[in-house]
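Counting from 1 along the sequence shown, just add 32 to a position and that's the residue number in my numbering.
Cβ atoms here follow ideal geometry from the backbone N, Cα and C, with glycine treated the same way.
Everything numeric in this text was worked out from a predicted model, so none of it was measured.
Working notes, structure below.
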Amino acid sequence: MEKIYLDHNSTTPTDTRVVEAMLPYMNEFWGNSSSLHLFGREARRGLEESRDKIASFLNCRPDEIYFTSGGTESDNLAVKGTAFAMREKGRHIITSKIEHPAILESCEFLEREGFDVTYLPVDEYGMVSPDDVKNAIRDDTTLVSIMYVNNEVGTIQPVDEIAEICIDKGVYFHTDAVQVAGRIPVDLTKTNVTMMSTSAHKVYGPKGVGMIFVRSGAHLMPWQTGGHHENGLRSGTVNVAGIVGYAKAMEIAISEMDEMLNRVGTLAETFRMKIEESIADVKFNGHPTERVKSTVNFCFKGAEGEALILNLDMKGIGASSGSACTSGSTEPSHVLLAMGVPPEIAQSSVRFSFGRSNTLDHVEYTAMVVKEVVDRLRSMSPFYAD
Ligand SMILES: *Cc1c(COP(=O)(O)O)cnc(C)c1O
33 MEKIYLDHNS TTPTDTRVVE AMLPYMNEFW GNSSSLHLFG REARRGLEES
83 RDKIASFLNC RPDEIYFTSG GTESDNLAVK GTAFAMREKG RHIITSKIEH
133 PAILESCEFL EREGFDVTYL PVDEYGMVSP DDVKNAIRDD TTLVSIMYVN
183 NEVGTIQPVD EIAEICIDKG VYFHTDAVQV AGRIPVDLTK TNVTMMSTSA
233 HKVYGPKGVG MIFVRSGAHL MPWQTGGHHE NGLRSGTVNV AGIVGYAKAM
283 EIAISEMDEM LNRVGTLAET FRMKIEESIA DVKFNGHPTE RVKSTVNFCF
333 KGAEGEALIL NLDMKGIGAS SGSACTSGST EPSHVLLAMG VPPEIAQSSV
383 RFSFGRSNTL DHVEYTAMVV KEVVDRLRSM SPFYAD
């Protein structure tokens, strides 16, 4: 049976060119990049060349990039690091209801520590309103954190506009840009974000590597302390091979972005059309225009999301219900609920996220299997009548 991967928002396969770039940093230049001797210097060269490369791709200074273990760690550092660094100025933070759990649970942690958090609503397409951000900012607000692209429905947030509002009010703005890489060009001289989190494994790089951009002049409290690596902001022996792989993955993503947007976007749109044409009572979730096209999220009324995923799995198709981080639980997606989808409909959601390896054959086969499975589950459901 052919395996069809339609879960690229959860993780992506590591590109073989990335693995090639990493190997010398495990086989030959395996030194500790903090060491003063030759072994350390060899590793450090790979680390700093990668930092320079990533800084040039994003158009920022190399010393504004701090490597971490991934998106989760960067999100935690941005939220908790700002809150604690600025707690004398104020104890209010603003975020949205559709953030990744790495942000939401960091905010919940802060609430338990006596901070005040405003969770902004979104519209039916999953979009945060810049006016809502403006109205929520108070004298004691220190941070606004709004994700760039939502991982469940692909909605692109108005981050540039929000960044302007925040800079006017003297408030830090962090954006979780994990779902952006290779999909939207980012130029950090053209946007006023204070901090931006990313992750390598969502862009065909290795797992366990990411970074946070912190604009020079901004101050965070280090969240992980120890040997003062990464300019004291993130201690821990640096994952040089992973970082070299990340820089390579970003280079490939940028050089192949047009291909990704055109070819993969067209495949996803074709899939969406086929589903909407062949199956009744489907609800497409996401913004009509401000959306990353490779993400296609549907509710199939009367068919339970988890059952759909398991049945697709038996046919060799990997898709996801809600976000991967919350699957295994039967809670409906917090993102769909925030978009006003009723809980019983939200339970029937499936996310198909397309990527480089997908073909038109995958689209046709998957659309056919989805129809079969939805029809069968609905015919067995006591709650569905067409
Ligand atoms: C995957 C993801 C994360 C977590 O990144 P990790 O590197 O897996 O820790 C955070 N935010 C968003 C939007 C994501 O999609």
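(message) Just verifying my parser: in three-state terms, what is the DSSP assignment at SER106?
(response) To locate residue 106, count along the sequence shown from 1; it is residue 74. Look at SER106 here: in three-state DSSP terms it is helix.
(request) Compute every distance between the C-beta of ALA134 and the non-hydrogen atoms of ligand 1, then say whether any falls below 7 Å. (result) Indexing the sequence shown from 1 puts residue 134 at position 102. Closer than 7 Å to some heavy atom of ligand 1: that describes the Cβ of ALA134.
(request) With a threshold of 7 Å, establish whether the CB of ASP208 neighbours any heavy atom of ligand 1. (result) Counting from 1 along the sequence shown, the entry for residue 208 is found at position 176. For ASP208, the distance from the CB to the nearest heavy atom of ligand 1 is below 7 Å.
(request) Give the single residue among VAL367, ILE244, LEU142, LEU409 whose Cα lies nearest to the Cα of LYS112. (result) For this step, residue 112 is matched to residue 80 along the sequence shown. When only C-alpha atoms are compared, the closest one is LEU142.
(request) Using the Cα positions of PHE147 and HIS124, report the straight-line distance between them to the nearest angstrom. (result) As a working note, residue 147 is residue 115 in the sequence shown. As a working note, residue 124 is residue 92 in the sequence shown. For PHE147 and HIS124, the distance between alpha carbons rounds to 6 Å.
(request) Please say whether THR207 and MET253 have beta carbons closer to each other than 8 Å? (result) Your numbering for residue 253 matches position 221 in the sequence shown. Your numbering for residue 207 matches position 175 in the sequence shown. Cβ atoms of MET253 and THR207: not closer than 8 Å.
(request) Give the DSSP-derived three-state secondary structure of VAL406 in the structure shown. (result) As a working mapping, residue 406 is identified with position 374 in the sequence shown. DSSP places VAL406 in helix when its eight states are reduced to three.
(request) Could you round the C-beta distance between THR44 and GLY387 to whole angstroms and report it? I think they count as a contact, below 8 Å. (result) Looking up residue 44 in the sequence shown gives position 12. Looking up residue 387 in the sequence shown gives position 355. The Cβ separation is near 6 Å, so the contact holds.
(request) Note down, one range per segment and in chain order, each beta strand (DSSP E) of at least 3 residues found wholly within the segment 37-101. (result) Fully enclosed beta strand (DSSP E) runs of 3 or longer: 97-100.
(message) From the DSSP secondary-structure annotation, give me the bridge partner or partners of VAL176.
(response) For this step, residue 176 is matched to residue 144 along the sequence shown. VAL176 is bridged to ILE126, PHE205.
(request) Compute the Euclidean distance between the alpha carbons of CYS139 and ILE169, then round it to the nearest angstrom. (result) Along the sequence shown, read from residue 1 onward, the residue named residue 139 stands at position 107. Along the sequence shown, read from residue 1 onward, the residue named residue 169 stands at position 137. Spanning the alpha carbons of CYS139 and ILE169 requires a straight line of approximately 16 Å.
(request) Verify the contact flag: HIS69, CB atom, against every heavy atom of ligand 1, threshold strictly below 7 Å. (result) Counting from 1 along the sequence shown, the entry for residue 69 is found at position 37. Shortest gap from the CB of HIS69 to any heavy atom of ligand 1: 7 Å or more.
(message) Helix, strand or coil for MET159? Go by DSSP, reduced to three states.
(response) On the sequence shown, position 127 is the one that residue 159 refers to. In the three-state reduction of the DSSP assignment, MET159 falls in the coil class.
(request) Report buried or exposed for THR257, applying the criterion of at least 16 other Cβ atoms within 10 angstroms of its Cβ. (result) Locating residue 257 in the sequence shown gives position 225, where the first residue counts as 1. Per the 10 Å Cβ criterion, exposed.
(request) To the nearest angstrom, report how far apart ARG295 and HIS260 are at their CA atoms. (result) Along the sequence shown, read from residue 1 onward, the residue named residue 295 stands at position 263. Along the sequence shown, read from residue 1 onward, the residue named residue 260 stands at position 228. Between the C-alpha atoms of ARG295 and HIS260 there is a straight-line separation of about 44 Å.
(request) State yes or no: is the C-beta of LYS112 nearer than 7 Å to some heavy atom of ligand 1? (result) Against the sequence shown, residue 112 aligns to sequence position 80. Outside the cutoff, so no.
(message) Going by beta-carbon coordinates alone, are SER128 and VAL149 separated by less than 8 Å?
(response) Here residue 128 refers to the residue found at position 96 when the sequence shown is read from its first residue. Here residue 149 refers to the residue found at position 117 when the sequence shown is read from its first residue. No; because the gap between Cβ atoms is not below 8 Å, this pair is not in contact.
(request) Rounded to whole angstroms, what's the CA-CA distance from GLU193 to MET305? Just pull it up for me. (result) As a working note, residue 193 is residue 161 in the sequence shown. As a working note, residue 305 is residue 273 in the sequence shown. Cα atoms of GLU193 and MET305: separation of roughly 32 Å, rounded to the nearest angstrom.
(request) Could you spell out the range, first to last residue, of the beta strand (DSSP E) harbouring GLY242? (result) As a working mapping, residue 242 is identified with position 210 in the sequence shown. Membership of GLY242 in the beta strand (DSSP E) is indicated by the continuous run 242-246.
(message) Tell me which residues share the same chain as LYS325 and place their Cβ nearer than 7 Å to its Cβ, disregarding the 5 neighbours each side in the sequence.
(response) Against the sequence shown, residue 325 aligns to sequence position 293. Excluding residues within five positions, the ones whose Cβ falls inside 7 Å are GLY297, ALA300, GLU301.
(request) Measure the C-alpha to C-alpha separation of THR269 and GLU96 and round it to an integer number of angstroms. (result) Taking the first residue of the sequence shown as 1, we reach residue 269 at position 237. Taking the first residue of the sequence shown as 1, we reach residue 96 at position 64. Rounded to the nearest angstrom, the gap between the Cα atoms of THR269 and GLU96 is 19 Å.
(request) Compare the beta carbon distance of ASN182 and GLY202 with 8 Å and say whether it is the shorter of the two. (result) One-based indexing of the sequence shown puts residue 182 at position 150. One-based indexing of the sequence shown puts residue 202 at position 170. Contact flag unset, no.
(message) In this structure, how does DSSP classify ILE199 when only helix, strand and coil are distinguished?
(response) Position 167 of the sequence shown, counting from 1, holds the residue named residue 199. Looking at ILE199 - three-state DSSP - the assignment turns out to be helix.
(message) Quick test of your reading: SER177 and ALA110, contact by CB under 8 Å. State the CB separation rounded to the nearest angstrom.
(response) Working through the sequence shown from its first residue, we reach residue 177 at position 145. Working through the sequence shown from its first residue, we reach residue 110 at position 78. Contact flag correct, Cβ pair sits at about 6 Å.
(request) Tell me whether the beta-carbon of THR223 lies closer than 8 Å to the beta-carbon of VAL191. (result) The residue labelled residue 223 in the question sits at position 191 within the sequence shown. The residue labelled residue 191 in the question sits at position 159 within the sequence shown. Cβ distance < 8 Å, so THR223 and VAL191 count as in contact.
(request) Spell out the partners DSSP gives MET118 in its beta bridges. (result) As a first step, residue 118 must be located in the sequence shown, where it is residue number 86. Per DSSP, none; premise fails for MET118.
(request) To the nearest angstrom, report how far apart VAL276 and LEU90 are at their CA atoms. (result) Position 244 of the sequence shown holds residue 276. Position 58 of the sequence shown holds residue 90. Going by C-alpha positions, VAL276 is about 16 Å away from LEU90.
(message) On the CB-based measure, 16 or more other CB atoms within 10 Å of its CB, does ARG144 come out buried or exposed?
(response) Reading the sequence shown from its first residue, position 112 is the one you call residue 144. When all chains shown are included, ARG144 counts as exposed.
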